[in-house]
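First residue of the sequence shown? That's 5 in the working numbering, and the numbers climb one at a time after it.
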Amino acid sequence: MHCSRIRTALSARLDGEELPPGVTPGRLDDHLAGCRDCRRWDARARALTAGLDRAAGYPEGDPAAADALLARLRSAAAGPGATGSGTADTGGKRAG
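Here is the structure:
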């Protein structure tokens, strides 16, 4: 199985989502046992998720934490002058 498919499955598992079709927890663990690069990727993804949870003030393993943090980041990214459509307000001028 390709590492890119395994990493997609690892991300899904980390987010509490269903694994992609054809990937079982056993196959995922078997691949990790034999692939140092995917083990490193998994460790970095877990550390990043835990760090984001801590930064947002949420306990590790709270599936709602990622959704709440994402909403906060989107809100902060919109900032002043943003329109409801998610695009920056250019004051009627063409961007370019």
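Even glycine gets a Cβ: it sits at the ideal position worked out from N, Cα and C.
Beta-carbon proximity list for A81, same chain, < 8 Å, skipping 5 on both sides
none
With a 10 Å radius around its C-beta and 16 neighbouring C-beta atoms as the bar for buried, classify L77 as buried or exposed.
exposed
P24 in three-state terms, based on DSSP
coil
Cβ contact check for the segment 47-56 and the segment 20-30: 3 or more pairs under 8 Å
no
Can the beta-carbon of C7 be found less than 9 Å from the beta-carbon of D33?
With a cutoff of 9 Å on beta-carbon distance, C7 and D33 are scored as not near each other.
Contact belief for R43 with L36 at Cβ below 8 Å, rounded distance in angstroms:
Right, their Cβ atoms sit about 5 Å apart.
Just the C-alpha distance for L18 and S79, rounded to the nearest angstrom, thanks.
24 Å
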